[in-house]
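Asker: Going by the working numbering, the sequence shown opens with residue 117, and the numbers climb by one from there.
Got a structure here, written out as structure tokens. Questions coming.
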Amino acid sequence: MHQLRLRLVFAASQATPPRVQEGCPAPAELPAAIAELKRQRNAVILAHYYQEPAIQDIADFIGDSLELSRKAAATEADVIVFCGVHFMAETAKILNPGKTVLLPDLDAGCSLADACPADAFAAFRAAHPDHLVVSYINCSAAVKAQSDLICTSSNAVDLIKQLPPEQPILFAPDQNLGRWVQRQSGRDLSLWPGSCQVHETFSEQALLQLKLDHPNAEVIAHPECQQNLLDLADFIGSTSSLLRHAAESPAPAFIVLTEPGILHQMQRALPDKAFHPVPGADGCSCNTCPYMRLNTLEKLWSCLNSLAPAIELDEELRLRALAPIERMLAMSR
Ligand code: 13P
Ligand code: SF4
Numbered sequence: 117m118h119q120l121r122l123r124l125v126f127a128a129s130q131a132t133p134p135r136v137q138e139g140c141p142a143p144a145e146l147p148a149a150i151a152e153l154k155r156q157r158n159a160v161i162l163a164h165y166y167q168e169p170a171i172q173d174i175a176d177f178i179g180d181s182l183e184l185s186r187k188a189a190a191t192e193a194d195v196i197v198f199c200g201v202h203f204m205a206e207t208a209k210i211l212n213p214g215k216t217v218l219l220p221d222l223d224a225g226c227s228l229a230d231a232c233p234a235d236a237f238a239a240f241r242a243a244h245p246d247h248l249v250v251s252y253i254n255c256s257a258a259v260k261a262q263s264d265l266i267c268t269s270s271n272a273v274d275l276i277k278q279l280p281p282e283q284p285i286l287f288a289p290d291q292n293l294g295r296w297v298q299r300q301s302g303r304d305l306s307l308w309p310g311s312c313q314v315h316e317t318f319s320e321q322a323l324l325q326l327k328l329d330h331p332n333a334e335v336i337a338h339p340e341c342q343q344n345l346l347d348l349a350d351f352i353g354s355t356s357s358l359l360r361h362a363a364e365s366p367a368p369a370f371i372v373l374t375e376p377g378i379l380h381q382m383q384r385a386l387p388d389k390a391f392h393p394v395p396g397a398d399g400c401s402c403n404t405c406p407y408m409r410l411n412t413l414e415k416l417w418s419c420l421n422s423l424a425p426a427i428e429l430d431e432e433l434r435l436r437a438l439a440p441i442e443r444m445l446a447m448s449r
């Protein structure tokens, strides 16, 4: 099913005409042209670790969801170019209503956010009236607006531990992350049954083979992975925590259970260590996030050139979505 959905996303992205404008410079000139446009627009480029290496290389800041939210909240730039997916750019707009927030490709969505439609979520909440609603940042503004607290994979365990022990909690939309948070915090969470199509694609068989081939390697995993894979991991954490752990651990090699875009920063920061991505089941290369990878340098140039596509939000919805994000930023250490 996941393979089918991935193929559909790839097919859709191939069918869509490229949103690149006339006048786009040749590939070799793009980095300089983007830097010049960025100066003219007083723009900042934020990029997630899952972006293609060429985008990471020209970003002003690369980070995980929490770090990128913090940067978006603090920036003095007039224009934020968010090289990531829609919910990330939307979060930046919620925090910065007066700024122009650009997403190079507006189709860069997220299977996890899509797995939690706002109306179905409202019914789920209504069925748990005494519960506090904690939502992972990978959700739409309409779901954030129905939440009491937002979290990311960096701070979820810590935030849940700060809540009163007797308080029942709903956790959405990632059930794999939710189960990991339950184990780490000792809290019982009512879980929305969503998951990420990329993190559910890794092959356990390929992982076991990689462990045999690289006996000195540690397995490091993102908590969005399924339980059978997390059971084989030596360390579990957000993208930034995986990067930090690789630097701090004495291990010479790592088998990496998350989107392989992060290997670019790992190899850059730790050139003497080896990093092995885990392929998808069926040996496919669908371990890359098809939404993240819709952004390209050409589309980055185009959006800075025309200041579009920009994220727009209804003000009443924005204010309701802002409150649980601000709560998260205040509670994050
Ligand atoms: P991080 O918060 O760890 O960067 O994860 C974001 C994400 O989308 C994982 O799939
Ligand atoms: Fe969403 Fe998964 Fe892509 Fe992360 S990797 S942005 S959770 S589809």
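Even for Gly, the Cβ is constructed at its ideal location relative to N, Cα and C.
The structure displayed is predicted, hence computed values, not measured ones.
1) When burial is assigned at 16 or more other CB atoms within 10 Å of the CB, is residue 338 buried or exposed?
2) Under 8 Å Cβ to Cβ from residue 445, same chain only, skipping five residues before and after it: list those, please.
3) How would you write the range of the alpha helix (DSSP H) that residue 318 sits in, first residue to last?
4) Just how far apart, CA to CA, sit residue 418 and residue 280?
5) Any heavy atom of ligand 1 closer than 7 Å to the beta-carbon of residue 221?
6) Buried or exposed: residue 428, going by 16 or more other Cβ atoms within 10 Å of its Cβ?
7) In three-state terms, what does DSSP make of residue 311?
8) What are the boundary residues of the beta strand (DSSP E) that residue 251 is part of?
9) Assign residue 125 to one of two classes, buried (16 or more other C-beta atoms within 10 Å of its C-beta) or exposed (fewer than that).
10) Put residue 431 into one of helix, strand or coil per three-state DSSP.
11) Which stretch, first to last residue, makes up the beta strand (DSSP E) that contains residue 199?
12) Exposed or buried, what is residue 133 when buried is set at 16 or more other beta-carbons lying within 10 Å of its beta-carbon?
13) Residues in its own chain within less than 8 Å of residue 359 by CB, not counting five upstream and five downstream?
14) Between the alpha carbons of residue 395 and residue 319, how many angstroms are there, rounded?
15) How far does the alpha helix (DSSP H) with residue 394 in it extend, from its first residue to its last?
16) Check the C-beta distance from residue 411 over to residue 171 and give it rounded, since I have them as a contact under 8 Å.
17) Am I right that residue 218 and residue 387 are in contact with their C-beta atoms under 8 Å? What's the rounded C-beta distance?
Answerer: This is what the structure gives:
1) To locate residue 338, count along the sequence shown from 1; it is residue 222. It is buried - the Cβ of residue 338 has at least 16 other Cβ atoms within 10 Å.
2) Taking the sequence shown and counting its residues from 1, the one referred to as residue 445 is at position 329. If we look at residue 445 and ignore the five residues flanking it on each side, its Cβ neighbours are 185, 186, 189.
3) Looking up residue 318 in the sequence shown gives position 202. Here residue 318 belongs to no alpha helix (DSSP H), and DSSP marks it neither H nor E.
4) Within the sequence shown, the letter at position 302 stands for residue 418. Within the sequence shown, the letter at position 164 stands for residue 280. Roughly 48 Å between the two C-alpha positions.
5) Locating residue 221 in the sequence shown gives position 105, where the first residue counts as 1. No, since every heavy atom of ligand 1 falls outside the 7 Å radius drawn around the Cβ of residue 221.
6) Residue 428 sits at position 312 when you count from the first residue of the sequence shown. By the 10 Å Cβ count, residue 428 comes out exposed.
7) Counted from its first residue, the sequence shown places residue 311 at position 195. Of the three classes helix, strand and coil, the one that applies to residue 311 here is coil, per DSSP.
8) Position 135 of the sequence shown holds residue 251. Note, residue 251: beta strand (DSSP E), 248 to 252.
9) In the sequence shown, the residue the question calls residue 125 occupies position 9. Note that residue 125 scores a pLDDT of 44, beneath 50, so its modelled location is shaky and nothing firm can be said.
10) Counting from one through the sequence shown, the residue named residue 431 turns up at place 315. Helix at residue 431.
11) On the sequence shown, residue 199 is found 83 positions in, with the first residue counted as 1. Per DSSP, residue 199 belongs to the beta strand (DSSP E) from 195 to 199.
12) Here the question's residue 133 lines up with position 17 in the sequence shown. Bear in mind that a pLDDT of 46 at residue 133, under 50, signals an unreliable position, so the number given afterwards is only what the model happens to contain. The residue in question, residue 133, is exposed, as its Cβ has fewer than 16 Cβ neighbours within 10 Å.
13) The residue labelled residue 359 in the question sits at position 243 within the sequence shown. Closer than 8 Å at Cβ, skipping near neighbours: 165, 378, 381, 382, 385.
14) In the sequence shown, the residue the question calls residue 395 occupies position 279. In the sequence shown, the residue the question calls residue 319 occupies position 203. Cα-Cα distance, rounded: 6 Å.
15) Position 278 of the sequence shown holds residue 394. Unbroken run through residue 394: none, as it is neither H nor E.
16) On the sequence shown, residue 411 is found 295 positions in, with the first residue counted as 1. On the sequence shown, residue 171 is found 55 positions in, with the first residue counted as 1. Contact flag correct, Cβ pair sits at about 6 Å.
17) What you label residue 218 is simply residue 102 of the sequence shown in a count that begins at 1. What you label residue 387 is simply residue 271 of the sequence shown in a count that begins at 1. Not quite, the Cβ-Cβ distance comes to about 33 Å (not below 8 Å), so this is no contact.
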